[in-house]
Every structure is written in C-alpha cells, then in structure tokens.
Amino acid sequence: MIKLPFLRKIIIIAAVLLITTAGICFSRNNLQESIPVSLFAAEEVETMSVYEYGTVDSLTNKPDEDLIYNILFPYVGFYYVDLSVKSWANGVLQRARRDVTALKEQGIETTGEIHVAYNSYLTEDRYVGIEETGTFSSAYTNLPSHFVKTFNIDIFNMKLLSANDILNSETALPILREYITTLFPDLPSETFENMDDSWFKNIVINKNEIIILFESGTFLPKDLGLQRFIFSIEDFGDSFILGKPKPTANPTTEPTAIPTESPTSEPVRSIDPEKPMIALTFDDGPCEYTPLILDLLEKHNAKATFFVLGGLVKSNADTIKRIHDSGNEVANHSWNHPQLSKLSYNDIWSQIQWTNEAVFKITGAYPTLLRPPYGSVNSTVHTVTADFRMVMVYWSIDTRDWEHKDPERTYEMILEKVQNGSIILCHDIHEKTYEAMIKVIPDLISQGYQLVTVSELFSFSAEPRKAGQLYSRQ
Ligand SMILES: [Zn+2]
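First residue of the sequence shown? That's 0 in numbering that gives the first Met the number 0, and the numbers climb one at a time after it.
Rendered as structure tokens:
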C-alpha cells in the first residue's frame with residue numbers, strides 16, 4: 000500500500016509561462032487549502048525565471064523575419080551539454096518554420112510566434128536542472144501549443160543525466176500513478192495502460208524537489224495545457240536514486256585485481272615527436288572505397304583523417320565505426336557539402352550539428368575538426384565553428400585527385416611536395432585515389448614519415464589550436 004504524504008506537502012499545477020485555463024484554475028482552487036508551499040499562479044511563473052547556473056543565451060528573430068521568436072536557453076560551458084541544449088532550441092525553431100511554410104504552401108498567409116523561457120536550478124553545487132517551457136502560436140491555431148524540455152546535468156562528470164539516473168522508474172511509476180489518481184479521480188483506468196518510463200521524460204531536479212512536467216494530452220484533456228507537478232524527493236522514497244551508489248550484481252564477492260592494460264591484438268602505436276610526421280586526409284566520403292583505404296592503413300600501421308559528409312554517415316555506419324575504432328579520425332565536412340559562407344548562422348550550425356550528432360551516435364565521440372567544403376569560409380563560419388569549440392583544417396598539398404583521376408599523378412604530387420607537417424588533401428570517393436594509396440602509403444613510410452591523424456599532428460605542434468580558427472600547414 001502506498002502512502003500519499005505528498006498531498007499535504009506539495010503539488011502545483013500551473014500552465015507554465017502562459018494562459019491560465021479554466022481547468023488549471025479549478026485544480027488549483029481545489030488544492031489550495033491543502034498546500035502550504037510552492038503554489039504559484041501561471042502569471043507569476045511568467046516572470047519567475049530562476050537562473051542559478053550558466054548564462055542566458057538566445058535565438059531571436061531579426062526585424063525582417065516573418066516568424067517572431069525569442070528562445071532563451073542557458074549556456075553552461077560544457078561542450079556536449081551546450082550542444083544538446085542549443086540543438087533542442089534550434090529544433091524548436093526549425094519545426095515552427097516548417098509549420099509556417101506548410102501553411103503558406105496551402106495559400107494561407109500566416110506567421111507565428113515562439114516564446115521560450117527557462118529556469119536553471121543548482122543542487123548541492125553538483126546537479127543542474129534546466130526546465131525549458133514555451134509556446135508556439137499562429138493565427139491559425141486557437142490555442143498556443145505548449146512544449147517542454149528538461150535537462151539535468153552532473154557537473155562533476157560533465158554529463159547529461161537521464162530520468163533513470165534520478166528515479167528508479169520501476170518503483171517510482173506506481174507512486175506517480177497513485178498521486179495522479181488521487182488528484183484526478185475521474186481519469187479512466189485505461190489512462191495508465193501504457194504508462195512507462197516516458198512519463199518521467201520531463202523531470203527536473205531542484206534541491207529537495209523533483210519537478211515533473213507533462214505536455215498537454217499526455218494523460219489529461221488537451222485544454223489543460225502544460226502540467227507541472229512538484230514533488231518532494233521524500234515522496235519517492237528509495238525510488239530516488241540520484242547520487243546513491245548503484246547496487247552491484249554480486250555485492251558479496253571481493254573485488255578482483257583490475258588488469259592494468261586491456262589486452263589488445265593491435266601492435267602498440269607510438270609516435271616519435273622527433274621524426275617527421277604528416278596527415279593524409281580523405282574528403283567527401285565515406286563510400287565503398289573507404290574500407291579499402293582502411294585496409295591499406297591497417298596493413299602499414301598508418302593512420303589518416305576522414306572528413307565525412309553527415310548525410311552519408313548513417314548508411315555507412317560500419318565504415319564510420321571502423322574508422323574510429325581503428326584509431327583513425329572521423330572529422331566533419333558538413334552535412335551535404337554546401338558552400339558554408341553562403342549560409343546563415345543557423346544553417347551553418349545545422350550542417351555542423353547534424354553531422355556531429357550522426358557521427359556521435361555511431362562512435363560515441365564528437366568530431367573536433369571541420370573542413371569547410373570548397374575551403375569556403377567567412378566570419379560567420381568562424382563564429383559557428385568557435386561556438387562548437389571546433390577548429391577548421393585546410394591542407395598544404397592539394398592532390399586534385401578528383402580532377403585528373405590519375406593515380407600516378409596523385410602519387411607524384413604528394414611525393415614531390417611532401418615535408419614534415421604536410422596535410423594532404425585526397426578524396427576517398429574515387430577508386431583512382433585508392434589505387435594511388437597502394438603506392439603512396441608504403442613509400443611515404445619508407446621515406447621516414449609517420450602517418451598520423453590531423454589531431455595527432457596538432458597535438459605535437461607548438462602552436463596552440465584555437466576554436467573557430469583555420470589551420471593549415473606549409
Ligand atoms: Zn569536399
């Protein structure tokens with residue numbers, strides 16, 4: 000039997016940011032007398048931004064744009080976390096743009112407005128909870144559509160937390176269900192038929208509170224809008240697991256000696272900083288010739304860097320994984336090879352972000368290098384790249400392999416110009432380039448060059464790499 004102590008202590012339902020609907024007023028009034036703390040009205044929420052961590056960043060429309068938007072989100076200074084947050088904000092904007100465009104294509108002249116605000120909470124100087132809430136309204140929707148997104152960050156480990164890091168959903172779901180049925184006794188029982196972890200997807204940690212938000216229609220009538228419940232962590236008892244040690248499968252056994260090095264069949268690779276080194280780079284792939292080049296690299300214990308197109312990543316997932324796992328470098332060459340200098344900040348951002356995410360899904364690592372297609376850059380490209388904490392990489396030897404498609408010529412261009420620190424531009428989408436590599440790779444090695452990735456090359460450079468800057472080697 001589950002106790003329900005929380006009804007005395009807590010609970011709020013508010014339409015965050017926005018219009019207080021009749022349903023929400025009703026719920027609040029019913030509960031008002033039993034709630035000693037934390038009750039606030041929707042109008043108060045609107046002005047109640049809590050910024051306990053990070054600085055305020057935003058996406059805001061320019062005066063000449065159809066769509067009006069002001070999307071606030073925090074910049075916390077952790078690369079991957081900031082990427083996730085900004086990616087979400089951009090996604091909101093892109094969806095709204097698509098909606099407005101779709102209406103216009105139906106001949107309906109319309110525009111829309113997006114307003115997004117957030118709260119950030121800091122708990123125990125370690126956990127940051129971010130609560131993003133917003134509305135999208137247009138002339139052709141009666142009610143603004145509400146949306147919500149939450150992020151929880153462990154700043155000790157610089158990682159995003161999932162709901163499962165906060166609550167044991169198996170034991171927490173019955174507690175949540177009990178709570179909801181007490182609050183809304185008239186809900187039909189089938190409401191809970193498909194109740195699963197996703198009910199906790201919009202969870203935020205704030206001191207000794209757990210905030211859970213539900214988008215309209217999750218289980219309550221649509222006109223209730225966004226629902227926001229505040230629990231005390233005590234209400235979830237042992238189901239609250241954040242910061243608690245995870246139970247081990249076999250707690251009674253003594254810890255065994257940990258092997259110092261994981262055994263590997265790969266020969267140990269060492270780079271001698273005193274010896275010349277160069278970076279072979281391959282653009283525009285991956286494709287069918289990429290694994291052949293990887294075979295050659297493996298045979299000669301050499302490494303290279305592959306500047307891949309994000310649009311090809313998913314369909315060549317095995318190759319991407321192999322590049323990464325074999326110690327070669329996966330780098331970013333945009334999503335579909337546009338001239339980045341002709342795009343807006345947001346479009347450049349998407350080109351880089353989509354590709355980084357596609358690679359990350361497969362390798363678990365984000366690319367840190369960008370080679371802009373056609374080498375085309377302007378100040379906006381520099382700014383976006385800096386925002387990603389990435390560096391741009393040019394080349395010092397351009398084989399023009401795509402133009403002449405002559406393996407002998409590719410070979411000569413490389414071997415004639417190569418010197419310590421060379422970054423060599425090739426394209427793995429041409430079979431003739433692969434054919435050239437059959438001779439190029441062993442001959443470079445026999446001339447005393449170490450074939451390393453661009454990041455390895457940079458790591459031995461005295462010159463510090465700065466995000467957003469463009470690097471080449473002579
Ligand atoms: Zn290219």
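Positions of the beta carbon are idealized from the N, C-alpha and C atoms, including for glycine.
Between residue i and residue j, what straight-line distance do the alpha-carbon atoms span, to the nearest angstrom?
{"i": "residue 53", "j": "residue 154", "result": "11 angstroms"}
{"i": "residue 354", "j": "residue 109", "result": "32 angstroms"}
{"i": "residue 195", "j": "residue 180", "result": "16 angstroms"}
{"i": "residue 307", "j": "residue 335", "result": "10 angstroms"}
{"i": "residue 329", "j": "residue 323", "result": "6 angstroms"}
{"i": "residue 116", "j": "residue 319", "result": "38 angstroms"}
{"i": "residue 192", "j": "residue 459", "result": "59 angstroms"}
{"i": "residue 427", "j": "residue 325", "result": "17 angstroms"}
{"i": "residue 87", "j": "residue 101", "result": "21 angstroms"}
{"i": "residue 83", "j": "residue 305", "result": "24 angstroms"}
{"i": "residue 213", "j": "residue 147", "result": "8 angstroms"}
{"i": "residue 455", "j": "residue 462", "result": "13 angstroms"}
{"i": "residue 243", "j": "residue 130", "result": "23 angstroms"}
{"i": "residue 359", "j": "residue 446", "result": "36 angstroms"}
{"i": "residue 401", "j": "residue 315", "result": "21 angstroms"}
{"i": "residue 281", "j": "residue 327", "result": "11 angstroms"}
{"i": "residue 434", "j": "residue 283", "result": "17 angstroms"}
{"i": "residue 357", "j": "residue 210", "result": "31 angstroms"}
{"i": "residue 450", "j": "residue 303", "result": "7 angstroms"}
{"i": "residue 343", "j": "residue 74", "result": "21 angstroms"}
{"i": "residue 162", "j": "residue 240", "result": "10 angstroms"}
{"i": "residue 207", "j": "residue 51", "result": "15 angstroms"}
{"i": "residue 185", "j": "residue 176", "result": "13 angstroms"}
{"i": "residue 468", "j": "residue 58", "result": "24 angstroms"}
{"i": "residue 405", "j": "residue 345", "result": "39 angstroms"}
{"i": "residue 64", "j": "residue 197", "result": "36 angstroms"}
{"i": "residue 430", "j": "residue 288", "result": "6 angstroms"}
{"i": "residue 337", "j": "residue 371", "result": "9 angstroms"}
{"i": "residue 379", "j": "residue 199", "result": "39 angstroms"}
{"i": "residue 122", "j": "residue 171", "result": "21 angstroms"}
Let me know the secondary structure DSSP gives residue i once reduced to three states.
{"i": "residue 131", "result": "strand"}
{"i": "residue 164", "result": "helix"}
{"i": "residue 89", "result": "helix"}
{"i": "residue 213", "result": "strand"}
{"i": "residue 227", "result": "strand"}
{"i": "residue 69", "result": "strand"}
{"i": "residue 381", "result": "helix"}
{"i": "residue 50", "result": "strand"}
{"i": "residue 424", "result": "strand"}
{"i": "residue 499", "result": "Because the chain is modelled from 0 through 473, residue 499 falls outside the range shown and cannot be assessed."}
{"i": "residue 243", "result": "coil"}
{"i": "residue 115", "result": "strand"}
{"i": "residue 288", "result": "coil"}
{"i": "residue 433", "result": "helix"}
{"i": "residue 153", "result": "strand"}
{"i": "residue 277", "result": "strand"}
{"i": "residue 28", "result": "Per-residue confidence for residue 28 stands at a pLDDT of 33, beneath the threshold of 50, marking its modelled position as unreliable; no derived number is given."}
{"i": "residue 410", "result": "helix"}
{"i": "residue 454", "result": "helix"}
{"i": "residue 403", "result": "helix"}
{"i": "residue 460", "result": "coil"}
{"i": "residue 148", "result": "strand"}
{"i": "residue 238", "result": "helix"}
{"i": "residue 121", "result": "strand"}
{"i": "residue 296", "result": "helix"}
{"i": "residue 307", "result": "strand"}
Under 8 angstroms by Cβ, that's how I've got residue i and residue j pegged, so tell me the actual separation to the nearest angstrom.
{"i": "residue 419", "j": "residue 275", "result": "4 angstroms"}
{"i": "residue 48", "j": "residue 118", "result": "6 angstroms"}
{"i": "residue 367", "j": "residue 389", "result": "6 angstroms"}
{"i": "residue 423", "j": "residue 413", "result": "6 angstroms"}
{"i": "residue 91", "j": "residue 67", "result": "Contact flag wrong, Cβ pair sits at about 13 angstroms."}
{"i": "residue 312", "j": "residue 232", "result": "Actually they are not in contact, since the Cβ atoms of residue 312 and residue 232 sit about 40 angstroms apart, beyond 8 angstroms."}
{"i": "residue 383", "j": "residue 340", "result": "Their Cβ separation, rounded to whole angstroms, is 11 angstroms, which puts residue 383 and residue 340 out of contact at 8 angstroms."}
{"i": "residue 278", "j": "residue 453", "result": "5 angstroms"}
{"i": "residue 203", "j": "residue 133", "result": "Not a contact, Cβ separation roughly 15 angstroms."}
{"i": "residue 72", "j": "residue 85", "result": "7 angstroms"}
{"i": "residue 157", "j": "residue 55", "result": "Not quite, the Cβ-Cβ distance comes to about 20 angstroms (not below 8 angstroms), so this is no contact."}
{"i": "residue 299", "j": "residue 174", "result": "With a Cβ gap of about 60 angstroms, residue 299 and residue 174 do not count as contacting."}
For residue i, verify whether its CB is less than 7 angstroms away from any heavy atom of ligand 2.
{"i": "residue 408", "result": "As presented, the structure is devoid of ligand 2, carrying ligand 1 as its sole ligands."}
Item to check | Neighbouring residues (CB closer than 6 angstroms to any heavy atom of ligand 1) | outcome: 282, 283, 332, 336, 372
Item to check | In chain order, each alpha helix (DSSP H) run of at least 4 residues that lies wholly inside the stretch 326–374 | outcome: 344–362
Next on the checklist: As an exercise, report each continuous alpha helix (DSSP H) stretch of at least 4 residues that is fully enclosed by the stretch 168–212, in chain order.
Outcome noted: 168–182
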